[in-house]
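Notes follow once the structure below has been shown.
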Amino acid sequence: TVSLVLNQKGYVAPVTKKKIQTVIDDLSYRPLHSARKLATKQTGNFGFIVWEGHFSEVEMFYSQVFLGMEYAARKNDYYILLTTVRDKFDPKEDLPRFLRYKDVDGVALAGRVPEPLIRYLDHQQIPFVLVDYEIPGENYNCIKIDNYNGAFRAVENLILSGRKHIAFVGGTFFHPSIKERHRGYREALEKHGLNNNHGDNYSYCENVETSRSIGEKGALHLLEKYPEIDAIFSCNDTTAMGVISGIQRLKKKIPEDIAVFGFDDIPTAEFSTPKLSTIHVPKLEIGKEAYKLLYELIQHPKMAPQTRIISVDTLIRESSSNS
Numbered sequence: 001t002v003s004l005v006l007n008q009k010g011y012v013a014p015v016t017k018k019k020i021q022t023v024i025d026d027l028s029y030r031p032l033h034s035a036r037k038l039a040t041k042q043t044g045n046f047g048f049i050v051w052e053g054h055f056s057e058v059e060m061f062y063s064q065v066f067l068g069m070e071y072a073a074r075k076n077d078y079y080i081l082l083t084t085v086r087d088k089f090d091p092k093e094d095l096p097r098f099l100r101y102k103d104v105d106g107v108a109l110a111g112r113v114p115e116p117l118i119r120y121l122d123h124q125q126i127p128f129v130l131v132d133y134e135i136p137g138e139n140y141n142c143i144k145i146d147n148y149n150g151a152f153r154a155v156e157n158l159i160l161s162g163r164k165h166i167a168f169v170g171g172t173f174f175h176p177s178i179k180e181r182h183r184g185y186r187e188a189l190e191k192h193g194l195n196n197n198h199g200d201n202y203s204y205c206e207n208v209e210t211s212r213s214i215g216e217k218g219a220l221h222l223l224e225k226y227p228e229i230d231a232i233f234s235c236n237d238t239t240a241m242g243v244i245s246g247i248q249r250l251k252k253k254i255p256e257d258i259a260v261f262g263f264d265d266i267p268t269a270e271f272s273t274p275k276l277s278t279i280h281v282p283k284l285e286i287g288k289e290a291y292k293l294l295y296e297l298i299q300h301p302k303m304a305p306q307t308r309i310i311s312v313d314t315l316i317r318e319s320s321s322n323s
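So the sequence shown is numbered by the working numbering: it starts at 1 and just counts up by one.
Have a look at this one:
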């Protein structure tokens with residue numbers, strides 16, 4: 001009977017259930033995870049795997065997503081085990097310990113992770129959720145950001161504020177989020193008849209991960225080649241910080257000469273000089289939704305693959321404001 005109450009399974013008379021729960025609360029009893037694993041064949045753990053390049057001091061996006069997942073897990077007596085993986089991943093050599101010893105019930109894969117890892121999880125039938133990532137042609141569970149609409153709204157805001165020569169600075173298009181943000185940028189220009197003279201010309205992308213250095217390099221390159229540029233939409237805030245540095249190196253004023261718009265709303269965006277206009281992505285909510293979807297997969301193993309899209313908001317700050 002005590003086991004039924006602890007595991008919230010089966011029928012227990014309300015009076016009996018209340019008495020047992022009172023004793024549990026008085027003793028502050030918590031079942032051992034090892035015992036739970038034996039009884040339910042579940043570990044009470046989820047893994048959180050992120051590529052090591054995302055887990056740097058300049059990239060705060062995925063740490064916030066992790067916290068969101070951690071907060072949701074705590075409320076349900078789950079633990080989140082965090083690890084990173086390298087770009088060149090070999091399951092035989094680089095498999096995280098908690099996967100090797102089957103210490104997790106499922107895994108959240110944050111951002112761009114090596115495809116061999118995804119294939120391994122799929123082959124081993126380990127429940128997993130892709131977070132801010134997808135593989136074209138594959139029907140995997142994923143939590144996606146509304147990248148297209150966020151980018152479209154950012155660029156349209158710049159256009160409606162009077163900007164006519166709007167550039168794009170980003171990283172690799174191998175990341176589907178960046179590809180979608182560039183598509184939103186292009187289609188906002190097309191809607192307002194501004195894509196005849198630029199779009200491709202005004203786009204600076206390198207086949208590397210986004211960084212401040214890419215942003216600065218891109219801004220300097222574009223403004224030297226196209227001095228008429230009066231706004232730059234960056235694929236994320238980290239890149240936008242570099243764009244701001246590049247513009248300031250050229251002694252141009254933000255936003256008087258050139259407006260800057262980012263994406264993600266990382267914590268430093270509000271404290272940059274000038275404060276960065278951006279698309280707010282609810283990172284904690286993404287983490288909570290990743291936990292929720294993983295938990296549902298554990299409870300319903302035959303559930304059809306899900307794609308859940310997280311909405312975003314526009315934040316206008318000093319870097320694009322005309323006031």
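Here a beta-carbon is modelled for each residue, glycine too, at the ideal position from N, C-alpha and C. Because the structure is a prediction, the values reported are computed rather than measured.
Starting from residue i, trace the alpha helix (DSSP H) in both directions and tell me its first and last residue.
i, result
"Ser203", "That residue, Ser203, is in no alpha helix (DSSP H); its beta strand (DSSP E) goes 203-205."
"Phe61", "61-75"
"Val243", "237-249"
"Gly218", "212-225"
"Asp122", "115-123"
Give a yes or no on whether the C-beta atoms belonging to residue i and residue j are separated by under 9 Å.
i, j, result
"Asp237", "Thr268", "yes"
"Ser234", "Phe168", "yes"
"Gly111", "Tyr79", "no"
"Gly171", "Thr239", "yes"
"Asp265", "Leu315", "yes"
"Val15", "Val113", "no"
"Asp230", "Lys164", "yes"
"Ile118", "Tyr140", "yes"
"Tyr71", "Leu284", "yes"
"Leu294", "Phe46", "yes"
"Glu216", "Gly242", "yes"
"Ile143", "Ala290", "yes"
"Arg86", "Glu52", "yes"
"Glu206", "Gly218", "yes"
Among the residues of its own chain, which have a CB less than 8 Å from the CB of residue i, if the five just before and after it don't count?
i, result
"Ile298", "Gln42, Asp105, Gly106, Pro127"
"Met303", "Glu296, Leu297"
"Ile145", "Asp132, Ser177, Val281, Ile286, Ile309, Ile310, Val312"
"Pro116", "Phe89, Asp90, Pro91"
"Ser320", "Asn157, Leu158, Ser161, Ala231, Pro255, Ala259, Val260, Phe261, Ser277"
"Lys288", "Gly68, Met69, Tyr71, Ala72"
"Arg249", "Glu216, Leu220"
Which residues in the same chain as residue i place their Cβ atom closer than 6 Å to its Cβ, once the five residues preceding and following it in sequence are excluded?
i, result
"Ser34", "Low local confidence applies: a pLDDT of 48 at Ser34 is under 50, so the model's placement there is unreliable, with the coordinate-based value given in what follows. Same-chain partners within the cutoff: there are none."
"Ser203", "Phe168"
"Ala13", "none"
"Pro227", "none"
"Lys191", "none"
"Glu270", "none"
"Phe98", "Gly47, Leu81, Val104"
"Leu95", "none"
"Glu318", "Pro274, Lys275"
"Asn322", "Ser161"
"Leu38", "In this prediction, Leu38 has a pLDDT of 47, which is less than 50 and means its spatial position is unreliable; what the coordinates show is noted afterwards. There are no such residues."
"His54", "Tyr62, Gly111"
Start and end of the beta strand (DSSP E) containing residue i?
i, result
"Val85", "79-85"
"His280", "278-280"
"Ala304", "Per DSSP, Ala304 belongs to no beta strand (DSSP E) and is neither H nor E."
"Leu95", "Leu95 -> no beta strand (DSSP E), and no H or E assigned at all."
"Ala188", "Note, Ala188: premise wrong, no beta strand (DSSP E); alpha helix (DSSP H) at 176-191."
"Ile49", "45-51"
"Gly171", "Careful: Gly171 lies outside any beta strand (DSSP E) and carries neither H nor E."
"Phe128", "128-131"
"Ala108", "106-110"
"Asp313", "313-315"
"Phe233", "231-234"
Short of 7 Å in beta carbon distance, which residues of its chain neighbour residue i, apart from the five on each side in sequence? Order them along the chain.
i, result
"Leu121", "Val107, Phe128"
"Pro305", "Asn139, Tyr140, Asn141"
"Lys179", "Phe173"
"Thr307", "Cys142, Lys144"
"Asp77", "Gly44"
"Thr22", "none"
Hey, is residue i's beta-carbon within less than 9 Å of any beta-carbon in chain D?
i, result
"Arg181", "Absent from the structure is chain D; it holds one protein chain and no more."
Secondary structure, beta strand (DSSP E): runs of 3+ residues fully inside the stretch 133-167:
Segments of the beta strand (DSSP E) lying fully in the stretch 133-167: 142-145.
Should the stretch 137-151 be called in touch with the stretch 174-194, which here means at least 3 C-beta pairs below 8 Å?
In this structure the stretch 137-151 lies against the stretch 174-194, because at least three pairs of beta carbons, one per stretch, are closer than 8 Å.
So, does the stretch 165-175 touch the stretch 208-218, judging by three or more C-beta pairs under 8 Å?
Three or more beta-carbon pairs drawn from the stretch 165-175 and the stretch 208-218 are found closer than 8 Å, and the two stretches are therefore classed as touching.
Taking contact to mean at least 3 C-beta pairs separated by less than 8 Å, is the stretch 92-106 in contact with the stretch 61-71?
Contact between the stretch 92-106 and the stretch 61-71 is absent, because fewer than three Cβ pairs lie under 8 Å.
Please confirm if the stretch 250-261 is in contact with the stretch 154-169, defined as three or more CB-CB distances below 8 Å between the two stretches.
As far as the Cβ criterion goes, the stretch 250-261 touches the stretch 154-169, which means the pair count is three or higher.
Which full runs of the alpha helix (DSSP H) of 4+ residues lie inside the stretch 256-300, going along the chain?
DSSP runs (the alpha helix (DSSP H)) wholly in the stretch 256-300: 283-299.
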